[in-house]
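One structure is given below, encoded as structure tokens.
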Amino acid sequence: MKAINKIFLSVGIAAGSLGLSSCVGDLDLEPRDPSEITNVSNDMDRVFADIFLQFSTYGANGNSPVSSFDGGMASFQRALFIAEEMPTDEACWLWDPSSFGTLNYGQVVPTLDCVYGFYSRLMINITLCNQFIQSVDDGTFNITDENRKKAENYRRQAKILWGACYYYMLSFYDKIPYIDETVSVGDVPQQLPRAEVYARVTSALEEVVAAYQEDPTYATPIYGYVGLDAAESILAKIYLNAEVFSGTAAYDKCYTHSKNVIDRLGHGGYYGNGLARSYSSLFGYNNDKYVLGNGGDTTEIIWTLAQDKVHLTSWSGATFLIAGWLGTNGVQVTMYKPTTNQALDNVVEEQADGTSIIYQYYADQADYDSALAKYNSSETKDWMKQVSEVINDTPWSFDPSTTGHISMQWFNAGEGWKCMVARKSFVRKFDWNDVTMTQSDDLRTANWQTAAHGFSVENVSLVGNDWGNNGYITPKYTNWAYNDDGSIDIAGSPEPTATVGGDYAVIRLAEIYLTAAEAILQGGGGSQAEALQYVNYIRARAYGDAPGDNSHAWTSLSMQDLRDERCRELYQENVRRTDLIRWNQWCTGYTWEWKGGIQNGTNLAEHTKLYPIPSRVISASNFEQTTGY
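Structure follows, in structure tokens:
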């Protein structure tokens, strides 16, 4: 399906192709089986593709580059989500408490598996990028005059990915192991202060941007890779948090790089602003059509982690962000013949086991008979994909005789774990049409399961099997293919499978609009009118407003308005914890359910703004631990 497969498939799923064992051994990140490392040291294209593979996949259990660690947990996106999102109001984890401890409370300790996995994943990817750059620089690859420019482009992209990993290191640590292409393989990294790493990383990425501007031949990447827009987007993210990282704000630089990206990409798509026409379509099976470099006129997704359901499968990415929310238990639906004086509305009945049944009644006998005949025909499978009923504009399947668990069918996926829920404070940030927070005109909530489906938003328990009381189910990814207007493309959708095919969007143009708006409000340049326009682009799409319809447009913009809109637009996109820290709302000033281990929430200690270095790394090195741990 996706062009990048042609490159990835030649590599295979290896732990690392550039001598990973020698470089990461000092950090206690042993690969599972160094003998399986692919010997492609002289094949620049294949080695380069393998670097991107390390961001996109890993893996089924037992396919992990981190010793004694679940392959899915060791994947880049999933490890990042656990570290960035689960301690916040957006999500909490209800499975395997031994691995996550008090992470749901915003508190971590150095011995947690998830802390080790996150740190390890970043350091592995940094190491691979560095070794590739070294191999370009020292002549390991057979670089001819014909492919010299390509080699330099590859080198720039490796540096962009290196910079992205260090952006996340800057977000979580203040005593950071620093390695670049000047560090020899096997050397123990030097642990540097956060501000110094910030200076080195921004300087390196600025050089990449300058190189692309001087020679833009490869500035726009092919699908699945990165280029100038990704480099400037990552710089914008770093500069947005510059005061946290370095002690000195850099909103002017944040605005400059954000504006550069907007000027290049802010056209086509949603009424000429570069955004996709529908929010839902960005998170479906065929969202690759909105990826930069894939040939479409709408290139909202600036950096993607490519995934398909055949060649690039994993328990990460879109698979994780569907299966993690949904399960084989939960809401049930059945249909019934109409009866005399029977109300036509759906009726929700809570069950003793915490699940719910939605009784779906039909307007007349003919409608019921037609649905039943369709269900009983040989076309059952296709019919279930085409959806028997629509509840709150969301597709459902049905069984006319027995109740059936349908949560995964709703999302056209084949497996669910149901180990995550959202918290009430996050849910409240959206516009609701009723006091019970079940119906909203905000299309960003279209795939949620709420009280209308039998769930409570009160977060009265974090006990894993007490699903009904934990909170709302708020997924944004599905395995449906979408048309540009947000309608489901039945014919283009795959069959449900355990691993799904949608890409994971790491950075979108919508984030850059919001980043530029924040930089403006903080005095980084531009105008208030410009910032307001950027945010109103986001809001218009969120409500499906037609051109000229300003019913959801704001006439003024405060920092709190921007914060809330950023939360609504970018939920589950690995920005929330870092945002709250930048806004001084992590420790105090904002409380969410179970923050600090109390149901109604409490303040967090100052040291929780940073993560500890994993105990296994401390014991194997002379590294200094994060203060407070």
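Each residue of the sequence shown is one higher than the one before, counting from 1 in my numbering. We treat Cβ as the ideally placed atom computed from N, Cα and C, and that holds for glycine.
What residues match up with residue i in a beta bridge as DSSP calls it?
i, result
"Pro193", "Lys175"
"Met420", "Trp93"
"Val291", "Ile301"
"Ile473", "Gln449"
"Tyr504", "Leu305"
"Tyr482", "Ile488"
Mind checking whether residue i and residue j have CB atoms under 7 Å apart?
i, j, result
"Asn459", "Lys429", "no"
"Ala83", "Phe118", "yes"
"Gly106", "Pro221", "no"
"Trp303", "Ile507", "yes"
"Ala151", "Ile143", "yes"
"Tyr504", "Leu265", "no"
"Asp545", "His552", "yes"
"Trp325", "Pro475", "yes"
"Ile126", "Trp95", "no"
"Ala164", "Leu205", "no"
"Pro412", "Pro496", "Sequence inspection shows Asn at residue 412; the Pro mentioned does not correspond to that position. Going by C-beta atoms, Asn412 is nearer than 7 Å to Pro496."
"Ala517", "Tyr537", "no"
"Lys175", "Glu573", "no"
"Arg121", "Phe52", "no"
"Ala510", "Glu569", "yes"
"Val457", "Gly468", "no"
"Ala498", "Glu593", "no"
"Met559", "Leu514", "no"
"Thr256", "Ala276", "no"
"Ala446", "Ala91", "no"
"Ala519", "Cys254", "yes"
"Thr578", "Ser278", "no"
"Gln449", "Ile473", "yes"
"Glu181", "Ile238", "no"
"Trp93", "Met420", "yes"
Can you tell me whether residue i is buried or exposed? The criterion is at least 16 other CB atoms within 10 Å of its CB, across all chains shown.
i, result
"Gly72", "buried"
"Asp33", "At Asp33, the pLDDT of 32 sits below 50, so the modelled position is not reliable; the number obtained from the coordinates is stated separately. Asp33 comes out exposed."
"Gly601", "buried"
"Glu322", "Sequence check: residue 322 is Ile here, not Glu. By the neighbour-count rule (16 or more Cβ atoms within 10 Å), Ile322 is buried."
"Arg148", "exposed"
"Gly404", "Unreliable placement is indicated for Gly404, whose pLDDT of 33 sits below 50; no coordinate value is reported for it."
"Asp393", "Because Asp393 carries a pLDDT of 36, less than 50, the predicted location of this residue cannot be relied on, and the following value inherits that uncertainty. Exposed, because fewer than 16 other Cβ atoms sit within 10 Å of the Cβ of Asp393."
"Ser281", "buried"
"Asp229", "buried"
"Thr111", "exposed"
"Asp215", "exposed"
"Val617", "buried"
"Thr248", "exposed"
"Ala49", "buried"
"His267", "exposed"
"Asn273", "buried"
"Ile234", "buried"
"Val109", "exposed"
"Ile488", "buried"
"Val310", "exposed"
"Ala210", "exposed"
Contact defined as beta carbons within less than 8 Å: I believe residue i pairs with residue j. What is the distance between those atoms, to the nearest angstrom?
i, j, result
"Leu443", "Tyr543", "7 Å"
"Ala318", "Tyr477", "5 Å"
"Asn241", "Leu462", "Not confirmed; about 29 Å, so no contact."
"Asp252", "Gly525", "6 Å"
"Ser246", "Tyr168", "The pair is not a contact, with the Cβ atoms about 16 Å apart (cut-off 8 Å)."
"Gln661", "Tyr212", "The structure shown has nothing for residue 661, since the chain only spans 1 to 629."
"Tyr116", "Tyr611", "Tyr116 to Tyr611, Cβ: 11 Å. No contact."
"Glu300", "Gly327", "In fact, because the Cβ distance is near 30 Å, the residues do not count as touching under 8 Å."
"Tyr154", "Val183", "Contact doesn't hold; Cβ gap of about 20 Å is too wide."
"Asn479", "Val500", "4 Å"
"Val244", "Arg582", "6 Å"
"Asp431", "Asp441", "7 Å"
"Arg576", "Glu85", "6 Å"
Using a threshold of 6 Å, is the CB atom of residue i nearer than that to any non-hydrogen atom of the ligand MN?
i, result
"Lys595", "Because no ligand of any kind appears in the structure shown, any question about the ligand MN cannot be addressed here."
Secondary structure, alpha helix (DSSP H): runs of 4+ residues fully inside the region 113 to 186: 113 to 137 and 148 to 172
Complete runs of the beta strand (DSSP E) confined to the region 191 to 274 [at least 3 residues]: none
Every unbroken beta strand (DSSP E) within the region 514 to 589, with a cutoff of 3 residues, ordered by chain: none
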